[in-house]
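Numbering (the working numbering), first residue to last: 939 to 2132.
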C-alpha cells in the first residue's frame, strides 16, 4: 500500500497483471483487485499493506527484472488484441491519461471520460478508468453488448487481456471488481466477463458474472470492514503460516517475528487447530510446548487434540528446541510400530525400505495445481529422473520429459500425455533390464499423479498397474514420517538436506517457487528469458532427484543402526507378478480403442461432434477397468502404506479400533456373534451390511451389523465358529464385477468401427447420444423440442409417442415432478403395447419409480404388469410386482408378455441375450449414472428415456478418466451448461415444491435463472417464531474454530432451533391453502459428514429426520436445516470440492418448501480460492448468506 501522494505514477502499464497494493490518494485509502486477493490469503498481509500505505512502516522492496519483462510482454499482448479488434472494424475509444494533471485529478478525469463514452454507447472503450473513491481499476476493454441498461438499449461487459495462458482466480476476481463497478454505472450487472489469454492459441474465455459476484461482494465487504477496524499504529493481527507465505513480500518480517516470539508457528506439522487449542491453555511458544510436564493431563484440557497427537507434537517441538540450541539440524529415530504380539510391523517406518538395486531410479514431477481449463484442473509440466546406474563419471544420468507443445510453445494436455508416456516407457524399459529396481520419490504426489494421468489420458494403464501392483514406487517421505524426527520447521526434502550433507546447484526457496517460475514462463513464453526460466526449473528438478538419491542412502544408514538395536530387520516382500489371464483380451480392447481413434485430430477441442463421439466411445472401453484398478490401488495404499494412527486421518478407513466385547446375535436362528469395537470420531466410508477388511491381514472381518457414529462404536457380525476379529483398523471393500457391461461396450465399438458412428442401423440411440446429436422426434433440425407456449410436461408425453430409435432426455430440478412425468410416460408406452425397461444405479431408486408407475396406471384405470429383478434375499418394492429372481426369469417374462414393465440394474440390461428385449429403456437418476453404464445398457432397447438432474447428486467415481468420459450420461448432454440445451432435451422449468424466495436462489445459482415456481407456491408459509418463521433463506451463524467433520456448536444451534420451533406449535400452510401444526417430521436436518449426522441424531428426538444429503434426494419438508460442521475451507477433511459441492448444496437447500436454513461458520465464505472453479464453489455459499435474512441467535 504505497503513499502515492508523494510519488505519483504516470499511468498503469498496459497489460500489467495486477495493480499496486492499497494506495492513499488525497488522504483516502484506495483498493485494487490485488488487495482483495491478498486479503483472502492473509488478513495480516492486508494490515501490513495498509500500515505501509499510511506511512507507518516501509514496504519491502522486490526488484525483479522478470516482472519488467512480463509487463513489456503484457503490453505487447494487449496491443495485439487491440489491433485485432480494430481489424474487425470495431471503433475504439481510448481513455488517455492527462500527464499535466495531478494523480487525483487524472483519475477523476479518466473516470468521467469513461462514463461519458459509456453513456454515448461507444463500441469499445480502451483503458477504461473505473474509480469510485475507494476502488480503482483500469479495465483493458469495455465492449458494448445488446443488453438494455440505464444507459439505453445497450450495456457493457469487461474484457481483460492477460499474458497468462490460462485463467487464474486472481484474474477472475479482478474481472469481478471491474464488472461490479460497471454495474453501478449502467444499473444492471453484465451477463458475462471475458479474458483474452496469451500464448500462440490466443484463447478467449468467458465467465458468467453471477457465478462469482456474491463471492466478490462479500470479499470486498470483508476487506473494507477490516481496513476500517485496524487503522491505528499497532498491528492487531498475528501472522499465521499460510500457502501465500511462499510468495509474499512480507515473508521475512513475519518469520523474524515468529523467531523473536518463539511462536508455535515454527513447529513442524502443527495444525492451526492444534495451535489454537494450545494457545487456549496458555501454551504459545515452542519451548513452552517442549517443556509441557504432563502431556496426558494437558490433552484432557485440549479441544480436539488426543494425547497421542500431543505427544507427537511435543516431541517435535523438543527436538527443534534442542537442534536450535546445538546450532545444527539433528534427528532421532521414532520407535517402530509393534503388533499386538510385540513383533515389528513389516512395511512401516524404516522397514519399508526395499533392498537397493543397481537399476534404481529417483523421480520427481513438477506440477502446477492452479493451471486450469474447462477439461483439466492442474497440469504436470516436467517429469525428471536420475539414474545412478547410468552415471557418466561422478554425475548420475538425468532425464527430463517436458509437457511442452513445441508448435504452440506452451504446455498442453496433449504435451502432458506425450511426456507421461515417455516417462512410463522409460521406466518399463529399465524394469525389464532390472526387475528388482524401485522408483524412489519424496511425498505421495508422484504415484498419485501417475495414476491420475493414466486415467485422464487413457494411456499406459496396464504399465502403471504393473508398477503399482509390483510396489515399484517407494515414498521416502513415508519412511521419514513414520521413522524419523528432525529439528526442522517443515519436512520438505530441502529442509532435511543438512542431515545428509546435500548441496543444491539451483537455489529456490521451495516447491512453490518452482510453480512461480513456471507461471512466469507461461507469461514470458519464448525467448532467452523464457529459456532461462526453463533451465532453472529443470535444474531444480534435477536437484530434487539427486537429493532423493542421497536421502535414500542416509535412510539406509539409519536402518542399519536400527538393526543393531532390534536384530535383523525384514525387507518388504516382493509381490509375485500376477498372471494376467485376460491380457490377450485386454490387448484386443486396447487395439479396438486405438482403431476407433485412428484418423481423429490429436486435440479433443479440434474434433467435431461425431468425431468426439467416436473418440469418447474409445475411452469408455476401459472405463470399468479404470474404476476397478483405482479401487485396488486405493485398497493397497490403505492396507500397505498407513499405520493404524494414520488410518484415523483417512476419509475412507476407520482407525484406532479398540475391542470392547462379544455377545451372541439375538436374531432368531442366528448362528453368529456380534463383536463390538470402539473408535475415535473420524470420517470413514464403512457402511452397514458391508464387509470391510483388516489391513493387517487383507481379509474380511465379517459383516457390519451396526455403526453408532456418536458413541464411536461399530459392531461386526461373524459366524460362531470364527474368533473375534483382532483388527485395529478397517478399510472398505466394495468391489463389484462389472461384467457384462464392458463386453457390451466392445460390441457397440466394433459395430461403430465397421459402420461409423452416424447413419442408420443398430445402436442408433446410443450413437446419437455419444455424438450429442439432437434426438429425432419430428422437430425441425436444430429447433427446440418443446413448442412455443407448450407445457413442458405435455411436451414430454407428446414426444414419448414419437420415440423411434432415438432418445429423449429430461432434466428435472428439485420438485419439478420428474418422476411423476416419467411414470406417466411409462404408462403411456405400456398402454401402446410397448415393453419398457427401467433402470438406475440402485434397486431402491428403481423400486420408487415402479411404485409411481403403478400409482399412475391405477389412477387412469390402465392395467400395467410390473416385474422387478431383485435377488432372492430381497423383496420387490410392492407385493403386487412380479418377483423376478434371476436374469433368465426376467427375459422369459418379457418374451411371454407376462410383464409390461421390468425394473432391473444395468447388469441385466447389458447382457448380450437381453439385446432388443424391450422397446424403450428408461434410465432414472441419469444424472448419477455413468455414460459408460448407460451406453452399455442401451442395446436392450431401440429407444432411451433419460430422467435426472446433473445439478443434484453426482455419480460416484473411484477413478480418473479421460475428459468427458467421466461424466454421467445427462451431464454429457449438458456438456458445459447447467441447463439442458433446448434442442437436445427438455428442462422441467417449474417447481411444485419451492416457495418463490427459495426458488429464486436455486434458480440463479444452479439453473441459470431458468427455474420458476409453479403458480400457488407463494401460499406456502410457516407461522412460527424467528428465525424459523415465514419463508425464504436463513443463515444461523455458528462461530467455532478447528472443527473438521463435527461441530458441537452447530449441534447446539440446530437443537435450539428445532426446540423453539416445535415449542411454538407453528402452523404450516401448503400450496392449496390448507393449514396444520408442524411436528418433528416436518424438519429435515442434513449434514455432509457422518460424524455430524451421528452427533445430531444423538441430540435430537428419535423420530427426527437426520442424514447426509444422499439420504434425502427426492424428499421434501416445510423446513430443511443444513449443518456444514467445518470451521473453514482449510479444515475440510475432503477438500472444497466435497464440502462446497454445488450438487450437495443444491440438494440440501432445495428439500425445503418454506424455509432453507444454513447453520454454518461465517468464515466458510472466506475461502482462499486458487482456481476459478473454487471461486464458483464459494460463490454459491456466499450467495446463500447474502440472500438470507441474518437472525441473531445465541
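The beta-carbon is built from N, C-alpha and C at its ideal position, and this holds for glycine as well.
For residue 1857 and residue 1397, the rounded distance between their alpha carbons
By one-based count along the chain shown, residue 1397 stands at place 459. By one-based count along the chain shown, residue 1857 stands at place 919. Near 37 Å, if we compare the C-alpha coordinates of residue 1857 and residue 1397.
Are the beta-carbon atoms of residue 2024 and residue 2006 separated by less than 8 Å? The count along the chain shown starts at 1 and reaches residue 2024 at position 1086. The count along the chain shown starts at 1 and reaches residue 2006 at position 1068. Against a cut-off of 8 Å, the Cβ pair of residue 2006 and residue 2024 comes out as no contact.
Exercise. Between residue 1724 and the rest of its own chain, which residues show a CB-CB distance below 7 Å, the 5 nearest in sequence each way excluded?
Worked result: For the purposes of this step, residue 1724 is taken as residue 786 along the chain shown, with counting starting at 1. Once the five neighbours on either side are set aside, the close Cβ partners of residue 1724 are 1730, 1733, 1920, 1924.
| said: For residue 1095, list the residues DSSP reports as bridge partners. | reply: Against the chain shown, residue 1095 aligns to sequence position 157. Bridge partners of residue 1095: 1081.
Proximity winner among 1802, 1798, 1801, 1821, relative to residue 1808 (alpha-carbon distances):
Against the chain shown, residue 1808 aligns to sequence position 870. Minimum Cα distance to residue 1808 is reached at 1821.
* Starting from residue 1340 and walking both ways along the beta strand (DSSP E), at which residues does that stretch end? -> For this step, residue 1340 is matched to residue 402 along the chain shown. For residue 1340, the uninterrupted beta strand (DSSP E) run begins and ends at 1333-1340, by DSSP.
Pair within 8 Å by beta-carbon distance, residue 1569 and residue 1673: In the chain shown, counting from the first residue as 1, residue 1569 sits at position 631. In the chain shown, counting from the first residue as 1, residue 1673 sits at position 735. Yes, they are a contact pair.
Output the boundary residues of the alpha helix (DSSP H) element that contains residue 1835. The sequence position of residue 1835 within the chain shown is 897, counting from 1. Note, residue 1835: premise wrong, no alpha helix (DSSP H); not H, not E.
Notebook entry, point to check: Cβ of residue 1189 within 8 Å of Cβ of residue 1136?
Noted result: Along the chain shown, read from residue 1 onward, the residue named residue 1189 stands at position 251. Along the chain shown, read from residue 1 onward, the residue named residue 1136 stands at position 198. For residue 1189 and residue 1136, no; Cβs fall outside 8 Å.
Do you know offhand how far residue 1767's Cα is from residue 1859's?
Within the chain shown, residue 1767 is the residue found at index 829, counting from 1. Within the chain shown, residue 1859 is the residue found at index 921, counting from 1. Answer to the nearest angstrom: the Cα atoms are 11 Å apart.
Please report whether the beta-carbon of residue 2017 lies at a distance below 8 Å from any beta-carbon of chain B.
In summary, chain B is missing from the structure at hand, where a single protein chain is found.
Mind checking which residues open and close the beta strand (DSSP E) that includes residue 1121? One-based indexing of the chain shown puts residue 1121 at position 183. Taken as a continuous stretch (DSSP letters only), residue 1121 belongs to no beta strand (DSSP E), being part of the alpha helix (DSSP H) at 1107-1124.
**Item:** Nearest-angstrom beta carbon gap, residue 1064 and residue 1120 [assumed within contact, 8 Å]
**Value:** Here residue 1120 is taken as the residue at index 182 of the chain shown, counted from 1. Here residue 1064 is taken as the residue at index 126 of the chain shown, counted from 1. Not quite, the Cβ-Cβ distance comes to about 15 Å (not below 8 Å), so this is no contact.
request  = Whole angstroms is fine: what's the gap from residue 2084's alpha carbon to residue 1935's?
outcome  = Working through the chain shown from its first residue, we reach residue 2084 at position 1146. Working through the chain shown from its first residue, we reach residue 1935 at position 997. Between residue 2084 and residue 1935, the C-alpha separation is close to 14 Å.
- prompt: What are the boundary residues of the beta strand (DSSP E) that includes residue 1351?
  reply: Position 413 of the chain shown, counted from the start, is the residue given in the question as residue 1351. No beta strand (DSSP E) holds residue 1351; the alpha helix (DSSP H) holding it covers 1351-1371.
Between which two residues does the beta strand (DSSP E) containing residue 1972 stretch? Residue numbering aside, residue 1972 sits at position 1034 when the chain shown is read from its first letter. 1970-1975 is the extent of the beta strand (DSSP E) around residue 1972.
Buried or exposed: which applies to residue 1750, given that a residue is buried once 16 or more other Cβ atoms fall within 10 Å of its Cβ? As a first step, residue 1750 is located in the chain shown; it is residue number 812 there, counting from the start. Residue 1750 should be labelled buried.
For residue 944, does the count of other Cβ atoms within 10 angstroms reach 16, so buried, or fall short, so exposed?
Position 6 of the chain shown, counted from the start, is the residue given in the question as residue 944. Bear in mind that a pLDDT of 24 at residue 944, under 50, signals an unreliable position, so the model cannot answer this.
inquiry  = Using the three-state DSSP reduction, which class does residue 2060 fall into: helix, strand or coil?
reply    = Reading the chain shown from its first residue, position 1122 is the one you call residue 2060. Strand at residue 2060.
_Using only CA atoms, which one of 1632, 1222, 1108 lies nearest to residue 1198?_
Taking the first residue of the chain shown as 1, we reach residue 1198 at position 260. Relative to the Cα of residue 1198, the nearest Cα in the group 1632, 1222, 1108 belongs to 1222.
Notebook entry, point to check: If you drop the 5 nearest sequence neighbours on each side, which residues of the same chain put their C-beta closer than 8 Å to that of residue 1142?
Noted result: Against the chain shown, residue 1142 aligns to sequence position 204. So the qualifying residues of the chain are 1132, 1133, 1134, 1135.
Practice item. Starting from the N-terminal side, write out each stretch of the beta strand (DSSP E) that is 3 residues or longer and does not extend beyond the region 1392-1455. Key: Counting only runs of at least 3 residues, the region 1392-1455 fully encloses the following beta strand (DSSP E) elements, listed from N- to C-terminal order: 1411-1413, 1422-1424.
Suppose you measure from the CA of residue 1092 to the CA of residue 1950; what does that come to, to the nearest Å? Counted from its first residue, the chain shown places residue 1092 at position 154. Counted from its first residue, the chain shown places residue 1950 at position 1012. If you take the alpha carbons of residue 1092 and residue 1950, they lie about 27 Å apart.
Legend entry - Closest Cα partner of residue 1960 within the set 1842, 1944, 1909, 2094: Position 1022 of the chain shown, counting from 1, holds the residue named residue 1960. That would be 2094, whose Cα lies nearest to the Cα of residue 1960.
Original post:
Quick one: what's residue 1377 bridged to in DSSP?
Top reply: In the chain shown, counting from the first residue as 1, residue 1377 sits at position 439. BP columns for residue 1377 point to 1299, 1411.
* So what does DSSP say about residue 1932, is it helix, strand or coil? -> If you number the chain shown from 1, residue 1932 lands on position 994. In the structure shown, residue 1932 sits in coil (DSSP, three-state: anything other than H, G, I, E or B).
Item checked: Backbone CA spacing between residue 1395 and residue 1577 [nearest angstrom] -> Within the chain shown, the letter at position 457 stands for residue 1395. Within the chain shown, the letter at position 639 stands for residue 1577. Spanning the two alpha carbons is a distance of roughly 27 Å.
- From residue 2056 to residue 1999, what distance separates their C-alpha atoms? Residue 2056 sits at position 1118 when you count from the first residue of the chain shown. Residue 1999 sits at position 1061 when you count from the first residue of the chain shown. Cα to Cα, the separation comes out at about 12 Å.
Check: Hey, residue 1082 and residue 1060: beta-carbon distance below 8 Å or not?
Finding: Mapped onto the chain shown, residue 1082 falls at position 144. Mapped onto the chain shown, residue 1060 falls at position 122. In contact: residue 1082 and residue 1060 (Cβ atoms closer than 8 Å).
Residue 1629, DSSP secondary structure in three states: Position 691 of the chain shown, counted from the first residue, corresponds to residue 1629. In the structure shown, residue 1629 sits in coil (DSSP, three-state: anything other than H, G, I, E or B).
For this session: Please name the residue in 1922, 1704, 2092, 1874 whose C-alpha comes closest to that of residue 1939.
Result: Taking the chain shown and counting its residues from 1, the one referred to as residue 1939 is at position 1001. When the alpha-carbon of residue 1939 is set against those of 1922, 1704, 2092, 1874, the nearest one is in 2092.
ask   = Should residue 1188 be listed as close to the ligand FMN, given that the test is whether its C-beta is under 7 Å from any heavy atom?
value = Ligands are entirely absent from the displayed structure, and the ligand FMN is therefore not among its contents.
Quiz item: When burial is assigned at 16 or more other CB atoms within 10 Å of the CB, is residue 1026 buried or exposed?
Solution: As a position in the chain shown, residue 1026 is number 88, starting the count at 1. Exposed.
Query raised in the report: What number of angstroms, rounded off, separates the C-alpha of residue 1927 from the C-alpha of residue 1527?
Result: As a position in the chain shown, residue 1927 is number 989, starting the count at 1. As a position in the chain shown, residue 1527 is number 589, starting the count at 1. Roughly 42 Å between the two C-alpha positions.
For residue 1655, three-class secondary structure by DSSP
For the purposes of this step, residue 1655 is taken as residue 717 along the chain shown, with counting starting at 1. Three-state DSSP puts residue 1655 in a strand.
Taking the alpha-carbon positions, what's the residue 1849 to residue 1343 distance? Walking along the chain shown from the start, residue 1849 turns up at place 911. Walking along the chain shown from the start, residue 1343 turns up at place 405. Using only the alpha carbons, I get a separation of about 43 Å.
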